[in-house]
Amino acid sequence: MANERNLSLKKETIIDTDVHLQVKPDEIAKWVDEPFKSIMTKGHIGNPLPDSGWDRSMAGKIEKRQITGPEDIHEKLCEEFHIDHPIINSFGKLGKASMSRLAVALMKGYNDLVLQKYLDDYPHFYGLITVAMQDPEAAAEEIYRMADEKQYIGVFIDNTGPNPPLGDPRYDVVYRAAEDKGLPVSYHAYDSGFIVDFPRQNAGVESFFAVHVLTHPYAHFLTMTSLFEHGVPEKFPDLKFIFLEGGVTWLPYMMYRLNKVHSIRRFDAPMLTKTPEEYIKDQFYISTQPVGEPNNQEDMRKIMEVIGFDRMMFSSDYPHFDFDHPEGLEKFLRVNIPAKDRKKVLSGNAKEVYGI
Amino acid sequence: MTDHIVAEVSEIEDGERILVELKGREVGVFYLDGEYYAFANWCAHQGGPWCEGTLTGTFEGEFNRETLETRLNWVKEGKILNCPWHGWEYDIKTGTCLSRRSVKLPSYPVRVEDGKIIVTL
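Taken in sequence, the protein lines are chains A and B.
Mind the numbering: the first sequence is residues 4 to 359 in our numbering, read in order.
Mind the numbering: the second sequence is residues 136 to 256 in our numbering, read in order.
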């Protein structure tokens, strides 16, 4: 239902850089060949990509929201939220698939599914090519297979699960493929993978509150540190790196910490020829959701100014429980920052980075 | 600007240094591969006495995009000066900080006349 309160959103061009789907095992099974079809539907181990058991339902306090088809995206995001271009990503859980052959089959099946079910009939939708980092060569091939599809505008990596961390040279073949095809790489963590990367912490905390607070920054800290440790942005200077669903306020902390340790231990990361901050301000981007919530809104404006309005791109994360409605951010930006910067965050940066 | 005789050439062996005080400033005078270098004994990081640090080599990275081969090479042995406080690395020949290329430590002209090392400051 179009909402009269959202009139100012109507006038803005808004690109949502983090839109999720729910794809159940029996649905993805239709897009993969045997034996993987049977593994997904008839296996004795249950879902081969299990959740970690935490209850994220909000104990019945809020409505259950799901996106199970393109019409859901169009209705909820495009009509109700006034999103002009949703960017569909996320085959969550893929990063922790133990069996690399299965991961590769699911990767291809998922990309075909998104293309045919979500993108073909909705020209204003875009998508990211999901890759299984369990098999970097296959992931690179998948980028070349899908890159010429006009609505695929980037590469998507689940960064909970991959081991070693994602700067390791074994993944260079993936980054080279993305750079060759002019596609930015996006990282997105999953709460269900917290149990894989941080098993002791997962066993020790008491609630999904803790898991969710920690999953995204832990994953992004690890991924970003690994990228700098191995000099990935130096190796691939035309590649852009996007960190989704971590909010924005973690970036200054990591940027300055990386600067500090790099200046002291440069010989440990000798591929780098510049400070991490210089690479970040040239090649790195973050999505806004979940925008941190200081008690004093003025504090957020200051932090955003430090980050720079060239680095941030709006995301909703709809339909998840901590999604950001565009009205909140649009209003905050409208009140607090110049119009040209607001437009960059709501659509301009995404247009440039993704080539929309 | 004043010329200061800081030492006889025989007083600094190759790869060695002396510390002197000129106009109230600590200055390190280095002799390396037949050349003299003079720098303020002050690290751009937190003001540490960098001229008192060790001279070592360091790692440089090399990447071949075609083969995807990454190599880390130990280079410039004895030519990298490390601030003793936190290890900020400087190329002794230029005073340039390796991690922050825009940072260059103040250097002073050095020459040799009649067997004497002269720093102008």
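Beta carbons: idealized from backbone N, C-alpha and C, even for Gly.
Residues of the same chain with a CB within less than 8 angstroms of the CB of A/Met110, apart from the 5 flanking positions on each side, are Phe94, Leu97, Thr133, Val134, Ala135, Ala141, Ala142, Glu145 in chain order. Under the Cβ criterion (8 angstroms, minimum of three pairs), the stretch 162 to 176 of chain A does not count as touching the stretch 110 to 128 of chain A. Distance from the CA of B/Gly213 to the CA of B/Glu148, rounded to the nearest whole angstrom, comes to 14 angstroms.
Apart from sequence neighbours up to five positions away, the residues of its chain that approach A/Tyr259 with a beta-carbon distance below 8 angstroms are Glu280, ordered along the chain. Annotated as proximal: B/Leu154 and B/Asn176, with beta-carbon spacing under 8 angstroms. The beta-carbon separation of A/Pro172 and A/His233, rounded to 6 angstroms, stays under the 8 angstroms limit for a contact.
In the pairwise beta carbon analysis, the stretch 167 to 181 of chain B is classified as not touching the stretch 192 to 211 of chain B: fewer than three pairs are separated by under 8 angstroms. In the displayed model, A/Ala108 falls within a helix according to three-state DSSP. Among the residues facing chain B, A/Met274 is included, as its CB has a counterpart in that chain under 8 angstroms away. Scanning B/Lys239, B/Ile227, B/Cys232, B/Val238 for the CA closest to the CA of B/Phe165 turns up B/Ile227.
Of all residues in the stretch 222 to 233 of chain B, only Gly222, Trp223, Glu224, Cys232, Leu233 place a beta-carbon less than 9 angstroms from a beta-carbon of chain A. Residue-level contact by beta carbon holds for B/Glu195 and chain A, with a gap shorter than 8 angstroms. Contact annotation for B/Arg235 against chain A: Ser266, Thr278 [CB-CB distance below 7 angstroms, chain order]. Annotated three-state conformation of A/Phe128 is coil, per DSSP. Under the three-state reduction of DSSP, A/Thr226 is assigned to helix. Spatial neighbours of A/Val117 in its own chain (CB-CB distance under 7 angstroms, excluding positions within 5 residues in sequence) are listed in chain order as Ile91, Gly130. For A/Asn262, the enclosing alpha helix (DSSP H) stretches over residues 253 to 267. Counting only the Cα atoms, B/Gln181 lies some 50 angstroms from A/Phe84.
Annotation: B/Gly159 to A/Arg179 spans about 54 angstroms, alpha carbon to alpha carbon. Secondary structure note for A/Ala135: it is in no beta strand (DSSP E), with a DSSP letter that is neither H nor E.
Scanning A/Met303, A/Asp200, A/Thr20 for the CA closest to the CA of A/Phe246 turns up A/Thr20. Between A/Thr291 and A/Met316, the beta carbon gap of about 7 angstroms places them in contact (Cβ cut-off 8 angstroms). For the C-beta of B/Leu207, the chain A residues within less than 7 angstroms are, from N- to C-terminus, Pro273.
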